[in-house]
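K.L.:
Here it is: the structure, laid out below.
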Amino acid sequence: KAGVTQTPRYLIKTRGQQVTLSCSPISGHRSVSWYQQTPGQGLQFLFEYFSETQRNKGNFPGRFSGRQFSNSRSEMNVSTLELGDSALYLCASSLVSGGAGELFFGEGSRLTVL
Amino acid sequence: AQSVTQLDSQVPVFEEAPVELRCNYSSSVSVYLFWYVQYPNQGLQLLLKYLSGSTLVKGINGFEAEFNKSQTSFHLRKPSVHISDTAEYFCAVSYSGGYQKVTFGIGTKLQVIP
Numbered sequence: 386k387a388g389v390t391q392t393p394r395y396l397i398k399t400r401g402q403q404v405t406l407s408c409s410p411i412s413g414h415r416s417v418s419w420y421q422q423t424p425g426q427g428l429q430f431l432f433e434y435f436s437e438t439q440r441n442k443g444n445f446p447g448r449f450s451g452r453q454f455s456n457s458r459s460e461m462n463v464s465t466l467e468l469g470d471s472a473l474y475l476c477a478s479s480l481v482s483g484g485a486g487e488l489f490f491g492e493g494s495r496l497t498v499l
Numbered sequence: 023a024q025s026v027t028q029l030d031s032q033v034p035v036f037e038e039a040p041v042e043l044r045c046n047y048s049s050s051v052s053v054y055l056f057w058y059v060q061y062p063n064q065g066l067q068l069l070l071k072y073l074s075g076s077t078l079v080k081g082i083n084g085f086e087a088e089f090n091k092s093q094t095s096f097h098l099r100k101p102s103v104h105i106s107d108t109a110e111y112f113c114a115v116s117y118s119g120g121y122q123k124v125t126f127g128i129g130t131k132l133q134v135i136p
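The listed protein sequences derive, respectively, from chains S and E.
In case it helps, my numbering puts the first sequence at residues 386 to 499.
In case it helps, my numbering puts the second sequence at residues 23 to 136.
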């Protein structure tokens, strides 16, 4: 069974640009969550989607957005990039929504903003 | 708001010695608790979880954790560590009811010294 796939794995952008990251969950998983990981901050919750609906949202500015498609694949977008957006962005899929289920993580997309 | 505190950012320990990684969470009536491990350049994977029932939870790779409701703690233990246990460990909490997100601590880096 294929795991969670995130693309691209690495990318470099400059301030002011925008970026789109993609996540393909494990087959059959309808929940996809996104986290931002930075040294000293741990994992910060961005949002969760379940069956194309945003179920929960973290405390990030509106520049961070996401969506989920009918095949459960998800994308997140960051517009007007800032230096502080440099981080590892992790996607996790789960069978269920609501926090009781095991999260299966991808290897992440490492974003560097120059 | 739900929160998780991991009291130690780094824990050095000699090989074959016991280790305890500490985790406290903000109190609530009903919680789900998790420990995840992240090896270098990889995503996170589940070590163990507490949903209900026995307060002593056994996980993979010889790890175990004890849920202590009165102290709102969920400390992770292993009686004898190996070099391969060198990784970053994250405690996480979610709450029952509705669409609850999973909140992670900032992580504890376990360094096993040969």
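Glycine residues also receive a C-beta, built at the ideal position from the N, C-alpha and C atoms.
Predicted model only: the values in this text are computed from it and were never measured.
Kindly confirm or deny that the segment 456–467 of chain S and the segment 407–417 of chain S touch, where touching means at least three C-beta pairs closer than 8 Å.
P.N.:
The segment 456–467 of chain S is in contact with the segment 407–417 of chain S.
K.L.:
Are the C-beta atoms of Gln426(S) and some chain E residue less than 8 Å apart?
P.N.:
Yes, Gln426(S) counts as interfacial toward chain E.
K.L.:
Looking at chain S, is there any beta carbon in it that lies within less than 8 Å of the beta carbon of Lys71(E)?
P.N.:
Lys71(E) counts as touching chain S.
K.L.:
Does DSSP put Gly451(S) in a helix, a strand or coil?
P.N.:
Strand, per DSSP.
K.L.:
When the distance is taken between beta carbons, is Pro410(S) closer than 8 Å to Ser482(S)?
P.N.:
No.
K.L.:
Using only CA atoms, which one of Leu43(E), Thr130(E) and Phe96(E) lies nearest to Ser116(E)?
P.N.:
With distances taken between Cα atoms, Ser116(E) lies closest to Phe96(E).
K.L.:
Taking all protein chains shown into account, do 16 or more other C-beta atoms lie within 10 angstroms of the C-beta of Phe489(S), making it buried, or fewer, making it exposed?
P.N.:
Buried is the call here.
K.L.:
So, is the C-beta of Val33(E) closer than 8 Å to a C-beta in chain S?
P.N.:
No, Val33(E) does not count as interfacial toward chain S.
K.L.:
So, at 6 Å on beta carbons, what are the nonlocal neighbours of Lys398(S) in its own chain, with the 5 sequence-adjacent residues on each side left out?
P.N.:
Closer than 6 Å at Cβ, skipping near neighbours: Val404, Leu466 and Val498.
K.L.:
Taking a contact to mean a Cβ-Cβ separation below 8 Å, would you say Gly451(S) touches Gln429(S) in this structure?
P.N.:
No, Cβ-Cβ distance for Gly451(S) and Gln429(S) is not below 8 Å.
K.L.:
In three-state DSSP terms, what is Ser482(S)?
P.N.:
Ser482(S) falls in the coil class under three-state DSSP.
K.L.:
Under the rule that 16 or more other beta-carbon atoms within 10 Å means buried, what is Gln32(E), buried or exposed?
P.N.:
Classification of Gln32(E): exposed, given that the 10 Å Cβ count is below 16.
K.L.:
Give the C-beta separation of Tyr72(E) and Phe85(E) to the nearest angstrom, bearing in mind that I take them to be a contact with Cβ-Cβ under 8 Å.
P.N.:
The pair is not a contact, with the Cβ atoms about 13 Å apart (cut-off 8 Å).
K.L.:
Is Gln122(E) close to chain S? Criterion is C-beta to C-beta, closer than 8 Å.
P.N.:
Output row for Gln122(E): interface = yes.
K.L.:
Terminal residues of the continuous beta strand (DSSP E) containing Pro101(E)?
P.N.:
Premise fails: Pro101(E) is in no beta strand (DSSP E) and is neither H nor E.
K.L.:
Going along chain S in order, which residues have a C-beta closer than 7 Å to the C-beta of Phe126(E)?
P.N.:
In chain order: Gly427 and Leu428.
K.L.:
Between Tyr434(S) and Gln422(S), is the Cβ-Cβ spacing less than 8 Å?
P.N.:
Not in contact: Tyr434(S) and Gln422(S) (Cβ atoms no closer than 8 Å).
K.L.:
Around the Cβ of Val389(S), are there at least 16 other Cβ atoms within 10 angstroms (buried) or fewer (exposed)?
P.N.:
It counts as buried.
K.L.:
Please classify Arg400(S): is it buried, with 16 or more other beta-carbons within 10 angstroms of its beta-carbon, or exposed?
P.N.:
Arg400(S) should be labelled exposed.
K.L.:
Could you work out which residue in Leu431(S), Leu468(S) and Ser436(S) is closest to Met461(S) when comparing CA atoms only?
P.N.:
With distances taken between Cα atoms, Met461(S) lies closest to Leu431(S).
K.L.:
Give the straight-line distance between the Cα atoms of Thr108(E) and Glu37(E), rounded to the nearest whole angstrom.
P.N.:
Roughly 10 Å separates the two Cα atoms.
K.L.:
Of all the CB atoms in chain E, is at least one closer than 8 Å to the CB of Phe445(S)?
P.N.:
Chain E, which has no Cβ nearer than 8 Å to the Cβ of Phe445(S), makes this no.
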